[in-house]
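J.: Residue numbers (the numbering used here): 23 to 176.
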Ligand code: HEC
């Protein structure tokens, strides 16, 4: 019985080692390393801090990949979330969005925040301090409201 167990364990370990050879295609970061270099238009320092802490890992070209980000199969999940996240909303490209897109993204952000859909739950579980409290949520939705008004008024 014990022998069988060791054998299964050995197979599992061998399997985990072999799958490390499969590339995980983590999205590449931009060469500009400091998140400080991204300034979202008209976002206050408080808003920027929240975005950097809770959103930039998936919604900017400056993902802070941790050691486990490179281990298969975790890396596959992270690669998927980061590439889908960047595709849906990318603060590194915010300043290139046209007015219509900005208004739509601001609306999406407000919706995701109020519904507590973002940041993703799996992320806040692993990264303490990234879950938004009521005050932080309010800061973000105030910003999206004001920014939308500003853009619409232009
Ligand atoms: C762990 C990664 C991760 C984090 C952290 C994260 N997001 Fe996302 N976000 C995603 C992914 C993945 C999608 C795309 C979902 C899809 O395509 O179904 C997404 C989609 C979105 C969208 C678009 C929704 C839509 O309707 O298409 C918005 C807006 C958004 N996120 C806002 C935020 C904000 C604001 C934060 C920070 C407070 C945040 N996200 C944090 C992964 C993340």
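Cβ atoms here follow ideal geometry from the backbone N, Cα and C, with glycine treated the same way.
#1: Please report the residue range of the alpha helix (DSSP H) in which residue 98 lies.
#2: Looking only at its own chain, which residues have a Cβ that is under 8 Å from the Cβ of residue 172, when we skip the five neighbours before and after it?
#3: Report all residues from its chain with a CB closer than 6 Å to the CB of residue 80; omit the five preceding and five following residues, and keep chain order.
#4: Looking only at its chain, what residues have a beta carbon closer than 7 Å to the beta carbon of residue 51, apart from the 5 residues adjacent to it on each side?
#5: For a test of the three-state rule: what should DSSP assign to residue 168, helix, strand or coil?
#6: Does the Cβ of residue 134 lie closer than 6 Å to at least one heavy atom of the ligand HEC?
#7: Return the residue from the list 150, 66, 155 and 89 that minimises the CA-CA distance to residue 168.
#8: Is the region 119-126 touching the region 88-101 in the sense that three or more CB pairs, one from each, lie closer than 8 Å?
#9: Rounding to the nearest angstrom, what Cα-Cα distance links residue 33 and residue 100 in this structure?
#10: How big is the Cα-Cα spacing for residue 160 and residue 53?
T.: So, from the listed chains and residues:
#1: Unbroken alpha helix (DSSP H) run through residue 98: 96-110.
#2: So the qualifying residues of the chain are 64.
#3: Within the same chain, residue 80 has close Cβ partners 103, 104 and 107.
#4: Take residue 51, set aside five residues on each side of it, and the residues of its chain with a beta-carbon closer than 7 Å to its own are 83, 84 and 85, in chain order.
#5: The three-state secondary structure of residue 168, taken from DSSP, is helix.
#6: Relative to the ligand HEC, the nearest heavy atom lies less than 6 Å away from the CB of residue 134.
#7: Checked all of 150, 66, 155 and 89; the closest Cα to residue 168 is 66.
#8: No, they do not touch.
#9: Rounded to the nearest angstrom, the two C-alpha atoms are 25 Å apart.
#10: For residue 160 and residue 53, the distance between alpha carbons rounds to 33 Å.
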